[in-house]
Amino acid sequence: MERNELYPIFLKLHNLNVLIVGGGNVGLEKLSFMLKSSPNANVEVVAPKFLPELESLAAKHPSVQLTYRKFNRWMLRKRHMVIACTDDLKVNKRIYDLSRKRYLICNIADTPPLCDYYLGGIVTKGNVKIAISTNGKSPTTAKRLREFFEEIIPDDINKMVENLNEYRKTLKGNFEEKVQKMNEITEALKNKE
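Read in order, the letters of the sequence shown are residues 1 to 193 in the UniProt record's numbering.
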């Protein structure tokens, strides 16, 4: 059986510089997805023209900048991650190649072989965030799993997280002792009775 060897990571996009190249439907989808999870993400979106919906979304987020130009290699300077979603496969491939030369992580929309990372399904309830990956094989499955988890995770789970965090701050002892105590307290969460 094939195994998913992707490494899940939660990025603080307000501390990073993200470039999205493409102002159409896919660019809108990528920006929307990013801002839903990280509303203060530092993002520059580059395209000769943008969908009105993308312009409207960007206007609501001061950390998003729209640049009305065609992509140029200098736009990769001082970036941490790149998403290319133009309707020109040659441009997307060029962006990928240039990004790799600069050691930037890059995602070429709908082209798994040209992706250093995927944008998976995300479930967020307060401080709880779950990322779902199908190894780039089935975004629809990730979507269905996201819907499932959104329904079964209680809306008040954040209260439990906050309470456990406050309790954790009061614990004495070394790291192992604290972990053991927290495990004892949360043991009931995994019991199905």
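Here a beta-carbon is modelled for each residue, glycine too, at the ideal position from N, C-alpha and C.
Practice problem: For the alpha helix (DSSP H) containing N183, list its first residue and its last residue. | Solution: Looking up residue 183 in the sequence shown gives position 183. Counting along the chain, the alpha helix (DSSP H) containing N183 begins and ends at 175 to 190.
Quiz item: To the nearest angstrom, how far is it from the Cα of T140 to the Cα of N4?
Solution: For this step, residue 140 is matched to residue 140 along the sequence shown. For this step, residue 4 is matched to residue 4 along the sequence shown. Approximately 17 Å between the Cα atoms of the pair.
Quiz item: Unbroken alpha helix (DSSP H) runs of length 4 or more, entirely within the stretch 5 to 47: which are they?
Solution: Correct list: 25 to 37.
Quiz item: Span of the alpha helix (DSSP H) holding I95?
Solution: For the purposes of this step, residue 95 is identified with residue 95 of the sequence shown, where counting begins at 1. That run of the alpha helix (DSSP H) goes 89 to 101.
Quiz item: What is the residue span of the alpha helix (DSSP H) that M160 lies within?
Solution: Walking along the sequence shown from the start, residue 160 turns up at place 160. Unbroken alpha helix (DSSP H) run through M160: 157 to 170.
Quiz item: Would you call A179 buried or exposed, if buried means 16 or more other Cβ atoms sit within 10 Å of its Cβ?
Solution: Within the sequence shown, residue 179 is the residue found at index 179, counting from 1. Strictly speaking, residue 179 in this sequence is Val, with Ala absent from that position. V179 comes out exposed.
Quiz prompt | Assumed close pair K90, Y68 - CB separation to whole angstroms, cut-off 8 Å | solution = One-based indexing of the sequence shown puts residue 90 at position 90. One-based indexing of the sequence shown puts residue 68 at position 68. 21 Å between Cβ atoms; not a contact.
Exercise. Would you tell me roughly how many angstroms separate the C-alpha atoms of E1 and I9, rounded to the nearest one?
Key: In the sequence shown, the residue the question calls residue 1 occupies position 1. In the sequence shown, the residue the question calls residue 9 occupies position 9. The sequence shown places Met at residue 1, not Glu. Cα to Cα, the separation comes out at about 24 Å.
Exercise. Flag R146 as yes when its Cβ comes closer than 6 Å to any non-hydrogen atom of the ligand MG, and as no otherwise.
Key: Ligands displayed in this structure: none; no statement on the ligand MG is therefore possible.
Quiz prompt | Candidates S63, N15, K70, N40, of which the one nearest G23 by Cα | solution = Here residue 23 is taken as the residue at index 23 of the sequence shown, counted from 1. Looking at the Cα atoms, K70 is the closest of the given residues.
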